[in-house]
Amino acid sequence: MAQEGRTFSESWHRVADLQVSLRASVVVRKQLFRGKTWYVLQDSFNNQFFRLRPEAHEFIIRLRNDRSIASVWEECLQRNPSGAPGQDDVIQLLAQLYHANLLYCDLPVDSSKLFERHQQRKQRETKAKYLSLMFYRIPLFDPEILLRHCQPLVKLLTSRLAFYLWLALFFFAGKTVIENFELVQSEAKTLLAFDNLVLLYLSMVLVKTLHEFGHTLICKRFGGEVHTIGVMLIFFTPLPYMDATSSWSFRSRRERILVASAGMIYEFFAAGLAALLWASTGPGTLHSLAFNMMFVASVSTLVFNINPLLRYDGYYILSDLLDIPNLQSRSIEQLKHLAHRYLFGDQQSTSNAATRSEAAWLGSYGLLSGVYRVIVYGGIILFIADRFLLLGLLMAVFCIFTWGIRPAIRFISFLYSSPKLQKNRPRAVAVSLLSLTLLLLSLYGAPFPKSFLAPGIVEAKSYQRVVNSSAGQVAEVLMKTGSKVEIGAPLVALNNPELIHEKMSIVAQRAEVAALLQQSMALQGGNTREMLKKRLATLDSKLDKNLQQEQDLLVTAKRSGIWVSPNNHELKGLWLARGTELGKIVSPEQFRFTAVVSQDEAANLFNNKVTGDIAVRLTGQSNSEVQVPKFDMIPFQQERLPSAALGWASGGDIPISAEDEKGLLTVEPFFRIYADLEPSEEVVLNHGHSGLIRFKLESEPLLQQILRKARQFLQKRYQT
Amino acid sequence: MILPAKDYQSLQTLRPAKLHQGFDRLANNLLGRSKRRDSLKQQWLELAKSIHQAAEKHQTLSDQQLQAALNQQRQLFRRRKQDDETLLPDALALLVEAADRTLGMRPFPVQVLGAIMIYHGYIAEMATGEGKSLTACLPAVLFAWSDRPCHIITTNDYLALRDAKQMSVFYRFCRLTTGCVGSDMTNAERQENYQKGVVYTTSKELLADFLRDRLQLGNCAQSDRRLLKKKLKSNKHSETEIVMRGINAVIVDEADSVLIDEAVTPLIISQTQQNKPLSEAITLASQFAQQLKNDLDYRVNKRHREVTLTESGEKTVAELTIDLPGLWQSDSRRNELIVTALTAKELYQKDQQYVIDDDKVVIVDEFTGRMMPQRTWRQGLHQSVEVQEGLELSDPSETQARLSFQRFFRLFHKLGGMSGTVQESAEELWHIYNLPILAVPTNRPCARKQLPNRYHWDKQSKWQTICAEVIACQQNGQPVLIGTRSIADSQLLAEMLREQGISLQLLNAINHHEETEIITSAGQLGKVTIATNMAGRGADIKLGKGVAKLGGLHVIVSERHESQRIDRQLIGRCARQGQPGSYRLYSSLEDDILQRFGNKPLLTILRNKLSANGVENQKMFEKALRLAQQSAEKQAFDQRAMVTKTDDWLTDALSFVRTETLPD
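As they're listed, the protein sequences go chains A and B. Residues in the first sequence are numbered from 73 upward in steps of one, following my numbering. Residues in the second sequence are numbered from 285 upward in steps of one, following my numbering.
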């Protein structure tokens, strides 16, 4: 509140005669940040920190219990007339130190004030706790004494030997994973399946506990202290946490970075062990658990912990790498300063960044992390609201209050009554109103392109199934799938030894009957001969049939077109009963795309005109599009998918009913759309290929779009 | 000898609670509204009327009987035997009669209503000229009967002395002594006066004495400590001399001026201390400041009264001071010195912010137009002004104690007051001082006549029109009072009128010695009086013989002030207590209020249109003036909010500082 930097203060008389000093338990350490010297005060009793500039440090270390503040200040002024802090600075500094409980006062302090302060602090803490309900911390115990007892273990676990072991494990585990990469891929698909969630969570707790102990160990290794271990409820999901703030006072940047990354280092160790365990066990709970741990310890680390935009390990590492402590809060300060200076036109606003590059870092970090937070928090709210009905809604309301409404109210009251804006209030209000209007206008007035996607598959309009008319073992597939075939082109060669045996037996029988017929011609008459002749005829026809069947072993194309048989490389050696479908021959000119459109989006097609292009992108060929000249919508709801490939069971996006084994029956009814496809040279159309169709609709203001989505969402959630 | 109980009382103050914030504040506002409800006023008005009637009966009592009855009441109040409510009507009825007998003024029912309000800790809003001084006497007696100190705050020494003299008969009749503390009194005089039952003084004196007493006591403000010290130390010489009896009840006359306008800056007790380096630096800084150019090297913000150096200015200063030692080599210190010198050069003008009296720079109070010889501006600034005037540099003063009026008035157990113009500040008074406001109806209908406002392009033509109007009044014999904003303006106008051969009397800070005579004669036939704000609050101008027939006193407001309230105070000098009177408001586009706080686009439009046709745009002109006054009031409000905020911050931040010496 006091003006900054004035040499003489009107409040000086209140502190001038005081005799104060730093508390005996305060340790002062020198640190270098961006080439500038700072001093960090730390009190190990209450774990409070304070950072000082050298000039302030000069003043603070001279404070003694037998000297008045005024005499110390005068001495500083004489020693360094240009750099010594002004009286206002001194008052500010003393107040901050006192509030950080780092100051010792000779006189007994006004105890009622002390209690008041304590109460206020408590209130503040409670308030902060409830406001960060989504990251609620429950401290459990102080591990410091335990850790001291385990000092040898700490040494062992952080020794050079441990590091080599870590390297070796990392190498072997990496090798194992690469060798089994395909298996990893296939198992990863089921990771988020419902029945795996418990295991996933369990492994997360295990890995995160290890992670936290990692921080603890390294912190301890470099002489820090750890006083809190507890449970943090991240969106009501309990996970362990620990407090390694004592590392902030470490002198060496390397040590601070190591402490911050310790969690990840030990996590990787766990990932390595888990990988080896996973590779050496067969399917079972242990196997799955190992896989989950491996996954959590590697992927989550890379995705969450190393990301510096949220306040996890990566943030502290970046903060140390950039040599900017308190990166987050200072970047917010910097953004505020920028807004004050350039938006509100306050020429007196000064940046807290010492250099241009620091200012640039602070500004860009503030901006990036701000945007990122909005996206992440927004995503989380939507996700939770989507998954859990009432609780989700409550949480969403809570989050909207703490992250949306509360800051808005604070901003308004800031605009209205902040003394900082005394000189620029009209401009500040005008700028704020203008940006709000612009925002609303762009949301409400300016049309925004609108489109939606629907999954579907490519189908040939006309096709012929290719079926083997005689049973047999597949000897060879003669045509690759997707190749163009003419009539009579051989497709698949079958092999059936039984047919040969049958033929041999028929030929033998025929020879026998023919011999008998000759004999009967010589011996007696009519009756027997007639019978034999009939028999011969029967055998002849059998032989013909056999020959036909033998011919049929070579399956040929009955019409010209494209031979589609997606899985035919798996056929070889397989015994096929008669009538098995081997594939299709489809006419190349006539494909259509059958898309599945949900009810919500179908409304768009009913109400809005489709303006722009409609295009289809096929899976695996997503860099080129197929244009759709026209489409038809079947105007009644259906519940059976055109192909199982679109449903959940086969990796599609559409929820399907658990009752249906074929995976065709959907949970919600849908509309079917037939879209003609324009043949193009770039895209190979294959029958049964899945893809997405995109409809561009008439542009509509963003706000309307958002409101409609919200309405549809609520209707879907709470009325059906 | 120290009487422990008395000694305890003399330093005991209320411990003010923190100001309400957020939702608490909203709820508190609602409470304030309910305290200002009309039904309460009606109820008290009935009570006042019945008291007034009951007082009629006492007319038959002899003086002895009346005094005996008063004495009995005094005993009751002294012992606080019964509940206030039952005690109040009887006591007030006796006091009404006593006032009639001693002063020859019988309080009207509305004045009794005002007394009831003040007694209950309200601010009574009474129209100007309704006899506030008499109203304050009644609750003052009730408070003083308890034998605890009772102070009545007036806006200036002159009024304090006048009221104390005038009312002392009444107090004496009620067995109370009367004191008066003015700025030119010695410590012994002060001590003597503070011992009296009812003490008239100004807020600045009271607060300053309060602070000096506390400084005097050092860290022995607690009575038990002091008693111990006394017992342990044998030599009687170290006995600390404090002048006050303590603080308990206070009645603030012109509450808006004291509690709102003057509360913008805290009171500071300082001690001069030789500081050669500073004096030298200031002299140098003033020289450098002369070499800098406005708008190139620095910018002046008239509205907020501050100067900022531009980048090129900073560079120039750095080049100028490159060979100078220590202090000048730090950017912030150097700029601070230069800015101080520039502030003195640009924003402090002779006969506006200060006058030169006896070769010394004396500050003129912005609101009362009076000299404040004991006050100095903050370190460096005062010296810069002295350099500018070519005077010998005084020693810079060092703050020893500092207390805001906002905090000070919250230390009282009982706080009440009255004012003519306070309604606008109701919320603020409730928020900060817990003071509710109720309006007292006027005794007689007001016969004040407003003549149409006049608007001018520039000051020159405005002064000329004023001269013409004064001459016209003079010919009729109607007395005129012209209010100006600054001493310089008052002198300019006096010069102009004298050239026209008009004899007049001039009242401003420079010739303040003749104040009493000027005020008493201002209402006489054919008198022309020019006055700064000094003739604002409290000046009771009695009309001469035959003046009422001519239309009473005519008041010319030559320029609008920063707050409408001050304008209304000046207007309130005419048509007092049902007498006739008239006033006219003048303004020009060059007026200070428009220059500093005017809405720029609106002024441009006015400037263009006014030249074409002055009459049609009067509404717009009036609007511009209102807007300017509003924004000036808002700024003053922000400043006061800042004062309380700084107070709170300091209390909070420096809570390790022992708080016995000063109530923080």
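Yeah, the Cβ is synthetic: ideal placement off N, Cα and C, and Gly gets one too. None of the values given here were measured: they were computed from a predicted structure.
Name the two residues that bound the continuous alpha helix (DSSP H) containing residue i.
i: B:Q327; result: 322–341
i: A:K247; result: 232–251
i: B:N619; result: 615–631
i: A:W145; result: 141–151
i: A:V469; result: 462–472
i: A:L345; result: 325–352
Using a Cβ-Cβ cut-off of 6 angstroms (strictly less than) and excluding sequence neighbours within five positions of residue i, which residues of its own chain qualify?
i: A:S258; result: none
i: A:Y387; result: P380
i: A:K292; result: L219, V226
i: B:P657; result: V646
i: A:F235; result: none
i: B:Q817; result: Sequence inspection shows Asn at residue 817 of chain B; the Gln mentioned does not correspond to that position. Contacts found: T652, G653.
i: A:I329; result: I389, D392
i: B:L626; result: A573, Y582, V591
Hey, residue i and residue j: beta-carbon distance below 8 angstroms or not?
i: B:L878; j: B:D742; result: no
i: B:Q357; j: B:D384; result: no
i: A:L566; j: A:L648; result: yes
i: B:Q789; j: B:I771; result: no
i: B:H820; j: B:L854; result: First, the residue type needs correcting, since residue 820 of chain B is Gly and not His in the sequence shown. Yes.
i: A:Q400; j: A:N424; result: no
i: B:H342; j: B:P393; result: no
i: B:T462; j: B:A448; result: yes
i: B:V542; j: B:T439; result: yes
i: A:A347; j: A:A245; result: yes
i: B:I755; j: B:I786; result: yes
Within the same chain, show all residues whose beta-carbon is closer than 7 angstroms to that of residue i, passing over the 5 residues directly before and after it, in chain order.
i: B:A339; result: A377, V380, E381
i: A:L289; result: V226, L229, T230, A334
Between the Cα of residue i and the Cα atoms of the options, which residue gives the shortest distance?
i: A:L563; options: A:S632, A:R601, A:A518; result: A:S632
i: A:S429; options: A:Q784, A:L394, A:G442, A:A411; result: A:L394
i: B:A920; options: A:A347, A:A675, A:Q494, A:E254; result: A:Q494
i: A:K522; options: A:G735, A:I529, A:Q777, A:T353; result: A:Q777
i: A:L45; options: A:M366, A:L233, A:P312; result: With chain A running from 73 to 792 in the structure shown, residue 45 of chain A is simply not present.
i: A:A580; options: A:Y338, A:I452, A:G296, A:K614; result: A:K614
i: A:G554; options: A:A561, A:I634, A:L588, A:A518; result: A:I634
i: A:G155; options: A:L174, A:A142, A:L175, A:F131; result: A:F131
Along the chain, where does the beta strand (DSSP E) containing residue i start, and where does it finish?
i: A:C177; result: 175–177
i: A:A209; result: The sequence given here places Arg at residue 209 of chain A; Ala does not occur at that position. Unbroken beta strand (DSSP E) run through A:R209: 207–213.
i: B:R910; result: Careful: B:R910 lies outside any beta strand (DSSP E), inside the alpha helix (DSSP H) at 902–937.
i: A:I163; result: First-last for A:I163: 159–171, but that is the alpha helix (DSSP H), not the beta strand (DSSP E).
i: B:I640; result: 638–641
Problem - Segments of 3+ residues assigned as beta strand (DSSP E) that fall wholly inside the region 616–693 of chain A - result: 626–628, 633–636, 653–658, 663–670, 682–690
Handout entry: Ordered list of alpha helix (DSSP H) runs contained in the region 690–774 of chain B, each at least 4 residues
Key = 710–717, 743–760
Problem - Within the region 518–575 of chain A, ranges of the beta strand (DSSP E) (whole runs, at least 3 residues) - result: 519–532, 535–539, 544–549, 562–567
Exercise for the section: Taking only runs that begin and end inside the region 429–473 of chain B, name each unbroken alpha helix (DSSP H) of 4 or more residues, in chain order. Expected result: 441–457
Problem - Segments of 4+ residues assigned as alpha helix (DSSP H) that fall wholly inside the region 818–867 of chain B - result: 848–855
Practice task
Tell me the start and end of each unbroken beta strand (DSSP E) in the region 380–430 of chain B that is at least 3 residues and wholly inside, in chain order.
Solution key: 407–409
Practice task
Please go through the region 519–549 of chain B and give each complete beta strand (DSSP E) segment of 3 or more residues, from N-terminal end onward.
Solution key: 533–537
Practice task
Pick out the complete alpha helix (DSSP H) segments inside the region 770–811 of chain B, 4 residues or longer, and give them in chain order.
Solution key: 771–783, 799–805
Practice task
Let me know the alpha helix (DSSP H) ranges lying completely inside the region 643–695 of chain B, each 4 residues or longer, listed in chain order.
Solution key: 665–672, 689–693
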